[in-house]
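Have a look at the structure below before the remarks.
Residue numbers (the numbering used here): 262 to 853.
Given below as structure tokens:
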């Protein structure tokens with residue numbers, strides 16, 4: 262019997278990849294197919310891209326004995342979601358030239374392009390690089406795009422949160438030369454190479470994290486040759502806002518402010534959203550508090566948390582490889598002890614804080630420095646032009662006029678930030694000319710979020726982005742009848758149980774089970790601190806409305822002052838309350 266421990270297939274692919282190179286370069290040159298080899302598609306994720314195909318035309322192409330309609334999704338690494346006007350223009354150009362004409366804002370404060378064919382992959386990557394942006398580590402078994410709360414122009418604490426997100430992202434980047442060799446012909450083709458690129462935009466300066474130079478000896482000083490057992494996600498929150506869903510992520514930093522100054526961060530670990538239908542040993546999990554650290558230790562603490570997961574994570578069973586399962590297996594006390602051992606000092610106890618909300622403040626607001634900020638609601642994060650509402654063209658015009666900075670929110674909306682008072686009227690005129698409304702949507706719609714799902718995601722079992730707006734419209738009618746049109750209720754939908762839109766932290770969560778069918782979850786906390794519970798299985802459009810409508814009526818008449826919808830469903834018994842925050846699987850309550 263061999264003493265070699267069992268390993269998942271991906272672990273072997275990584276080990277044999279020559280530091281993430283594999284056969285990607287040769288595959289890009291093979292024009293006999295629109296695809297890459299299977300093992301290379303695993304490695305491609307580390308470079309920020311997924312191979313996909315148009316599932317709407319699969320059957321037709323199969324009948325004609327044609328290859329699947331393969332294209333590639335490219336996801337950018339934009340820590341904190343901040344881009345300058347110059348960068349926006351470049352991103353918009355790429356959408357038109359190489360992608361499907363849309364900019365898709367993700368739930369991790371960045372952009373995805375869809376519909377890029379293989380022959381355009383390298384050219385697209387180089388165009389992104391010329392904008393002083395990149396896609397390195399946007400996917401794969403590494404630390405992914407680091408999110409920070411709201412926009413960095415709101416206060417000095419928000420700026421510090423953004424700076425931490427940017428610096429952590431750069432610090433935890435892979436150091437292999439594979440990215441530069443495959444996509445950039447061995448060198449950086451943009452304006453600068455280094456840890457920061459500073460772009461001037463009028464009176465405002467934007468610091469962007471650029472790809473660091475590869476290590477000279479092509480080693481990974483932090484990751485090692487096998488990288489992580491699974492993806493790793495980090496966020497920074499500034500209370501009272503929990504717009505980044507701090508408890509959904511492997512690593513979180515909660516800014517602690519005392520007497521107006523940032524004194525440090527409460528660190529959280531072990532959150533994660535993914536699960537598999539029918540497998541009770543897989544589950545979403547809310548993060549645990551690890552301790553408090555001062556700002557100067559924040560990066561080191563993050564690296565140490567990640568390297569403990571690197572060494573302790575499950576490399577044999579991939580579905581159990583996230584940090585949440587590592588902590589479930591070893592316990593938070595043992596995990597904390599190992600982190601502190603490697604740090605060489607003990608973390609302080611977490612300090613008090615309060616989260617009040619999770620959603621974006623849609624519309625105009627002004628900060629004490631007299632600058633204006635506008636958050637535009639973007640349905641499902643898909644920025645595009647359509648008849649009568651040419652939103653993408655409007656934002657392009659605003660960027661060309663250099664009137665603001667642009668920030669992608671964790672809720673898939675777009676913030677136009679740091680607007681000078683004299684520029685406000687011009688922005689309003691541009692938006693009006695393009696039919697773009699700055700009005701605040703209903704309480705349900707402004708708190709709605711979905712993943713891409715069909716037709717491009719290979720994991721999708723049901724629709725999400727294309728269906729959720731229709732469902733929200735139907736539910737708005739019921740809420741309006743109950744007098745709840747303006748009440749904030751969080752609703753999220755995904756096409757599969759992997760949870761990319763964080764549905765398990767929604768007061769109303771819908772997770773795809775099959776074509777037109779979803780599992781319905783209720784009872785999460787509005788501030789994102791508690792998971793929801795399964796209450797109905799395999800329900801379609803009409804059943805969803807039938808189950809929720811009477812709850813809306815009862816909520817309107819029987820709720821306590823200030824009571825949120827998720828809390829209400831637990832109090833009235835529609836959702837079974839449990840004492841353990843991570844006891845996710847529960848008996849179905851509402852299904853008949």
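Note that beta-carbon positions come from the ideal geometry of N, C-alpha and C, so glycine has one too.
Beta carbon of residue i, beta carbon of residue j: below 7 Å?
i, j, result
"residue 781", "residue 796", "yes"
"residue 404", "residue 425", "no"
"residue 506", "residue 789", "yes"
"residue 371", "residue 406", "yes"
"residue 638", "residue 672", "no"
"residue 489", "residue 571", "yes"
"residue 774", "residue 799", "yes"
"residue 817", "residue 743", "yes"
"residue 636", "residue 695", "no"
"residue 745", "residue 560", "no"
"residue 600", "residue 565", "yes"
"residue 655", "residue 711", "no"
"residue 511", "residue 584", "yes"
Excluding the five sequence neighbours on either side, which residues of its own chain have a C-beta within less than 8 Å of the C-beta of residue i, listed in chain order?
i, result
"residue 502", "410, 411, 616, 617, 618, 619"
"residue 271", "303, 402, 579"
"residue 657", "349, 350, 353"
"residue 700", "624"
"residue 274", "283, 300, 303, 304"
"residue 553", "517, 525, 526, 527, 528, 608, 609, 610, 611, 612"
Report the rounded CA-to-CA distance for residue i versus residue j, giving the unit in angstroms.
i, j, result
"residue 803", "residue 670", "32 Å"
"residue 577", "residue 663", "51 Å"
"residue 653", "residue 591", "48 Å"
"residue 302", "residue 533", "24 Å"
"residue 697", "residue 612", "43 Å"
"residue 717", "residue 305", "17 Å"
"residue 350", "residue 660", "7 Å"
"residue 484", "residue 400", "15 Å"
"residue 431", "residue 706", "35 Å"
"residue 536", "residue 632", "43 Å"
"residue 741", "residue 810", "11 Å"
"residue 598", "residue 608", "10 Å"
"residue 689", "residue 269", "54 Å"
"residue 482", "residue 562", "16 Å"
"residue 528", "residue 787", "21 Å"
"residue 738", "residue 486", "55 Å"
"residue 692", "residue 326", "47 Å"
"residue 761", "residue 752", "14 Å"
"residue 731", "residue 276", "46 Å"
By alpha-carbon positions, which one of the options ends up nearest to residue i?
i, options, result
"residue 443", "790, 783, 544, 383", "383"
"residue 525", "533, 614, 665, 682", "614"
"residue 353", "646, 429, 596, 743", "646"
"residue 497", "441, 420, 483", "420"
"residue 283", "763, 299, 292", "299"
"residue 771", "747, 748, 733, 742", "733"
"residue 679", "281, 344, 290", "344"
"residue 836", "791, 806, 822", "791"
"residue 413", "677, 712, 280", "677"
"residue 492", "558, 554, 289, 567", "567"
"residue 293", "328, 324, 364", "328"
"residue 628", "593, 681, 641", "681"
"residue 417", "702, 521, 626, 622", "521"
"residue 714", "396, 728, 702", "728"
Could you name the residues of the same chain whose beta carbon sits closer than 6 Å to that of residue i, not counting the 5 residues immediately before and after it, in chain order?
i, result
"residue 318", "330"
"residue 801", "777, 778"
"residue 784", "793, 794, 827, 830, 831, 836"
"residue 422", "409, 410, 497, 499, 516"
"residue 574", "490, 582, 587"
"residue 865", "What is shown of the chain runs 262 to 853, which leaves residue 865 out entirely."
"residue 668", "342, 343, 412, 676, 678"
"residue 748", "704"
"residue 324", "none"
"residue 286", "443"
Leaving out five residues on either side along the sequence, give the residues of the same chain with a beta carbon under 7 Å from the beta carbon of residue i.
i, result
"residue 312", "296, 297, 302, 305, 331, 333"
"residue 355", "374, 385, 388, 389"
"residue 289", "379, 382, 383"
"residue 479", "280, 437, 438"
"residue 360", "374, 375, 376, 377"
"residue 622", "636"
Any chance the stretch 505-519 sits against the stretch 541-550, with 3 or more Cβ pairs inside 8 Å?
yes
State whether the stretch 316-333 contacts the stretch 387-401, with contact taken as three or more CB pairs (one from each stretch) at a distance under 8 Å.
no
Please confirm if the stretch 717-728 is in contact with the stretch 752-771, defined as three or more CB-CB distances below 8 Å between the two stretches.
yes
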